[in-house]
Amino acid sequence: MGKDSKVDDSENAAEKSEEKNKYGEPAKFDPTFNGPIKNRGCTDVICCILFIIFFLGMGVVGYWGYKEGDPTVLIYPSDSEGNLCGYGNFVNKPNLFFFDLLKCTNVAQNVAVGCPTTQVCVEKCPDKYWAWLPDFIIETTTGVRTRGNLICDYTTQAILSTTTLSIKELVEGGNCASYYVKSDAVVGRCVPSAISTLINSASGLLSDAGNTTLVAADNTTVTGDALSAASKVLAYILNAKEYGEKILADVRASWWMILVGLGISCVIAFIWIIIMRWIAGVIVWFTIFAFIALFSFSTYYTLSRYFEMKNNSSASLNSVTDIEFTTNLDYYWNLSTTWLVFGIISATILGLSILILLFLRNRIRIAIALIKEASRAVGNMMFTLLWPIIPFFLQVVLFGFWGATALYLASSDKKKYASSSGNLTSNVTAADSSNLVTTFAASCAADYTNSTLGQFCGFVGYDVQEYTIYLQFYMLFMLFWVMNFIIALGQLTLAGAFASYYWAFSKPQDIPAFPVTASLWRSLRYHLGSIAFGSLIIAIIQIIRVILEYVDNKLKGSENQVAKFFLKCLKCCFWCLEKFMKFLNKNAYILIAVYGKNFCTSAKNAFFLIMRNIVRVVVIDKVADFLLLIAKLVVVAATTILAFFFFSGQVPIQVINGYVPSLHYYLIPVMIISLGSYVIAAAFFSVYGMGVDTLFLCFLEDCERHDGSAEKPYYMNKDLMGILGKKNKLESTEGDKKGKKG
Numbered sequence: 099m100g101k102d103s104k105v106d107d108s109e110n111a112a113e114k115s116e117e118k119n120k121y122g123e124p125a126k127f128d129p130t131f132n133g134p135i136k137n138r139g140c141t142d143v144i145c146c147i148l149f150i151i152f153f154l155g156m157g158v159v160g161y162w163g164y165k166e167g168d169p170t171v172l173i174y175p176s177d178s179e180g181n182l183c184g185y186g187n188f189v190n191k192p193n194l195f196f197f198d199l200l201k202c203t204n205v206a207q208n209v210a211v212g213c214p215t216t217q218v219c220v221e222k223c224p225d226k227y228w229a230w231l232p233d234f235i236i237e238t239t240t241g242v243r244t245r246g247n248l249i250c251d252y253t254t255q256a257i258l259s260t261t262t263l264s265i266k267e268l269v270e271g272g273n274c275a276s277y278y279v280k281s282d283a284v285v286g287r288c289v290p291s292a293i294s295t296l297i298n299s300a301s302g303l304l305s306d307a308g309n310t311t312l313v314a315a316d317n318t319t320v321t322g323d324a325l326s327a328a329s330k331v332l333a334y335i336l337n338a339k340e341y342g343e344k345i346l347a348d349v350r351a352s353w354w355m356i357l358v359g360l361g362i363s364c365v366i367a368f369i370w371i372i373i374m375r376w377i378a379g380v381i382v383w384f385t386i387f388a389f390i391a392l393f394s395f396s397t398y399y400t401l402s403r404y405f406e407m408k409n410n411s412s413a414s415l416n417s418v419t420d421i422e423f424t425t426n427l428d429y430y431w432n433l434s435t436t437w438l439v440f441g442i443i444s445a446t447i448l449g450l451s452i453l454i455l456l457f458l459r460n461r462i463r464i465a466i467a468l469i470k471e472a473s474r475a476v477g478n479m480m481f482t483l484l485w486p487i488i489p490f491f492l493q494v495v496l497f498g499f500w501g502a503t504a505l506y507l508a509s510s511d512k513k514k515y516a517s518s519s520g521n522l523t524s525n526v527t528a529a530d531s532s533n534l535v536t537t538f539a540a541s542c543a544a545d546y547t548n549s550t551l552g553q554f555c556g557f558v559g560y561d562v563q564e565y566t567i568y569l570q571f572y573m574l575f576m577l578f579w580v581m582n583f584i585i586a587l588g589q590l591t592l593a594g595a596f597a598s599y600y601w602a603f604s605k606p607q608d609i610p611a612f613p614v615t616a617s618l619w620r621s622l623r624y625h626l627g628s629i630a631f632g633s634l635i636i637a638i639i640q641i642i643r644v645i646l647e648y649v650d651n652k653l654k655g656s657e658n659q660v661a662k663f664f665l666k667c668l669k670c671c672f673w674c675l676e677k678f679m680k681f682l683n684k685n686a687y688i689l690i691a692v693y694g695k696n697f698c699t700s701a702k703n704a705f706f707l708i709m710r711n712i713v714r715v716v717v718i719d720k721v722a723d724f725l726l727l728i729a730k731l732v733v734v735a736a737t738t739i740l741a742f743f744f745f746s747g748q749v750p751i752q753v754i755n756g757y758v759p760s761l762h763y764y765l766i767p768v769m770i771i772s773l774g775s776y777v778i779a780a781a782f783f784s785v786y787g788m789g790v791d792t793l794f795l796c797f798l799e800d801c802e803r804h805d806g807s808a809e810k811p812y813y814m815n816k817d818l819m820g821i822l823g824k825k826n827k828l829e830s831t832e833g834d835k836k837g838k839k840g
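Residue numbers (the working numbering): 99 to 840.
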């Protein structure tokens, strides 16, 4: 280990002399410096003012959206006149009925708001098969009026019993539906009852129709294949409701068990961190071997299931091409190919982990020293473990506000009415509280008895206002900016606290009282502008990446391969740029917390400091990050495995299996627990990650400022000095004197 340290020192000494002019002068010794300076001023004030203005703009947009929008238009289906089925005056008519379902065939993108056919709100969906021609024949031959089966527009329905128009005239005029089939309500829309079978089979839709022949208004026969093709468009979109309901039912049935699982992940992560305070080295090595053991077990289990299912011909497929696409999750879970993929992934991760362990074992020992020091720091500042709760709460509030505002903005479009001649138009806000057909539309429909104007004049959709698109874009940009602002505030606060710990010469006596609170006060009092500056840079990069993704999506059907290539290059470059800027920003915040300088100066100094010590930064700091990532994955893997065996009923304890609920998809709570445990572990170990980064950067400054003499002693602890081959000469002299006296 001593040889490794000497090699490190010689490498860094040669590097410093070579890069001295290129990356600036090393930090100078300052006898008055003993940690984060107290006499500091406000930094990047212009950015602070700009952020406040834009932040207030979010509030203005939110208020405007709340005033003009109405999310109910996104929840309830709209009929051809803009009325909301199941809401307002149509509360007793919750279902939307399509006059001619065949017209939905080629408009998948418009199914959510309706097909290009007349639509009306009905109390219940049709429960039988019907066509207009038999009733028309009966009426014309016997003189008996058979109007009870007709479904017509509102104006026609009101005069259906008194009008002199025949069924044929009503159907051909588009005032009444020419046919309908037995239907069920799916997401408030009447779709054929056989829709659940349409995903996998288009046949047999009219098998229950008996001898009924369905005829459209143009006298064409409605076949099962044609109706299936039209209904498939609805099926692929609306069938998600069925699975959504099953998933929600599973969550309701297992919600308290999910909370228990998340609680277990909290306990595991908390115990892991607390134990690391005293035996960080043992825990880190145990983490590495636990990680390897877990993925060894995962590889063994998944491959065992693969070979077991492969030998069972009824549960395996011979070729990947035999696999069918379906939304039934159990179908994939019972495929041998699924377990083979899981086994390959587990084996790959296992192999890479073993190789990294073999080649970086000496550097890992240095990283352990940093984690031990971070453990001691957390032990002296326990509030750092609770700090992630505050940024998390702020992020939840931000997402809630942004999501609500996005819904209100999306529902602030105006209802558009028009006539066939184009000389009658009107716009009414979507938040029209009356929820009635407007005076304009009603007056058009009132002309029905004199002309056919009523069938043309009416609601044609929502007119998307151009400014709402810009407002949505503005809110998305502000989501990125404020989200990164919250993250940066948390990083700056933790950096100030850990820097206070490192630069305390005698620990814990010299550690200031309430270091986290004091650091938060300095951040809010002096450095909101710097936080806004750094987060603005990240937000701009992220919004550019969103635009590139949008353009890429638009070019999917394009034949211009050159444009696609350059777009892929741009996406890659901006991804790398975002990662680099996040890394640089974090180190800039550390120096801001210590010295109180503005963002640009701190970013420049941090970059130069890193480049002067690039070998240590790349190897030691990144290895420490990797070890913390392993710790998070161990917490997630342990919690997920426990959840999997519990919800699959494979726990060999009968009492515990008695609590397992009956679920449609037992993997749903397992996935929720897995994702939740990762979020929890990330929150806990983010404190350690920031602690290691801060202590390491302070250590680099310590090495440049001090030389271990009595005038310029090192601030690092003895363990770290021993590992890196450094020592304070004052301590050495005192040790020699004691040796001579002895």
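Backbone N, C-alpha and C fix where the C-beta goes; we use that ideal spot for every residue, glycine too. From a predicted model like this one, the values you see are computed outputs, not experimental measurements.
DSSP, read as helix, strand or coil, puts Q640 in helix. Per the DSSP secondary-structure output, Q217 pairs in a beta bridge with F196. Fewer than three beta-carbon pairs drawn from the region 765-772 and the region 565-581 are found closer than 8 Å, and the two stretches are therefore not classed as touching. Shown here, W500 sits in a helix according to DSSP, grouped into three states. In the three-state DSSP reduction, S473 falls in the helix class (H, G or I). Around the beta carbon of F745, 16 or more other beta carbons sit within 10 angstroms, so the residue counts as buried. Contact annotation, I452 with I381: C-beta distance approximately 20 Å; criterion of less than 8 Å not satisfied. Excluding the 5 residues flanking it on each side, H762 has same chain C-beta neighbours closer than 7 Å at K344, A347 and D348, in chain order.
Per DSSP, the unbroken alpha helix (DSSP H) holding P767 starts and ends at L765 to R803. Residue pairing of A701 in beta bridges, as defined by DSSP: absent, with no partner found. Distance check between T262 and each of L357, G286, E237 and S394 places E237 closest, using alpha-carbon atoms only.
Within the same chain, N193 and C223 come within 7 Å of A283 by CB-CB distance, once the 5 residues on both sides are set aside. DSSP places V171 in no beta strand (DSSP E) but in the uninterrupted alpha helix (DSSP H) bounded by T170 to I173. Every alpha helix (DSSP H) of 4 residues or more that sits fully in the region 597-661 is shown, in chain order, as 613-624 and 626-652. A direct Cα-Cα distance of roughly 58 Å separates F405 from I249. According to DSSP, residue pairing for C667 in a beta bridge does not occur. Bridge pairing for V289: D282 [DSSP]. For S451, the enclosing alpha helix (DSSP H) covers residues S434 to F457.
If you draw a straight line from the Cα of E270 to the Cα of W354, it comes to about 57 Å.
In this structure, M788 and F596 form a Cβ contact; the two beta carbons are roughly 7 Å apart against a cut-off of 8 Å.
With a threshold of 16 other beta carbon atoms within 10 Å, R459 falls short and is exposed. Excluding five sequence positions before and after M814, the CB atoms of its chain that fall closer than 7 Å to its own CB belong to F797 and D800, given in chain order. C274 sits in a strand when the DSSP states are folded into three classes.
Judged by DSSP secondary structure, P232 falls within the alpha helix (DSSP H) whose first and last residues are W230 to T240. The beta carbon of D719 is closer than 6 Å to those of F794 in its chain, skipping five residues each way along the sequence. Of the residues assessed, E123 falls on the exposed side of the cut-off, its CB having fewer than 16 other CB atoms within 10 angstroms. Contact between T397 and L448 is confirmed by a C-beta separation of about 6 Å, below the 8 Å threshold. The alpha-carbon separation between V785 and K201 amounts to approximately 58 Å. Between I356 and P489, the C-beta gap is not smaller than 8 Å, which leaves the two residues out of contact.
Nearest to K680 by alpha-carbon distance, out of Y506, F705, V289 and T240, is F705.
In this structure, the straight-line span from the alpha carbon of A701 to that of N685 is close to 7 Å. Under the 10 Å beta carbon count, C145 is surrounded by 16 or more other beta carbons and is classified as buried. By the criterion of at least three beta-carbon pairs nearer than 8 Å, the region 467-475 is in contact with the region 362-378. Per DSSP, the beta-bridge partners of C250 are C274.
With contact defined as three or more Cβ pairs closer than 8 Å, the region 663-681 and the region 600-607 are not in contact. CA-CA distance, T737 to A616, rounds to 36 Å.
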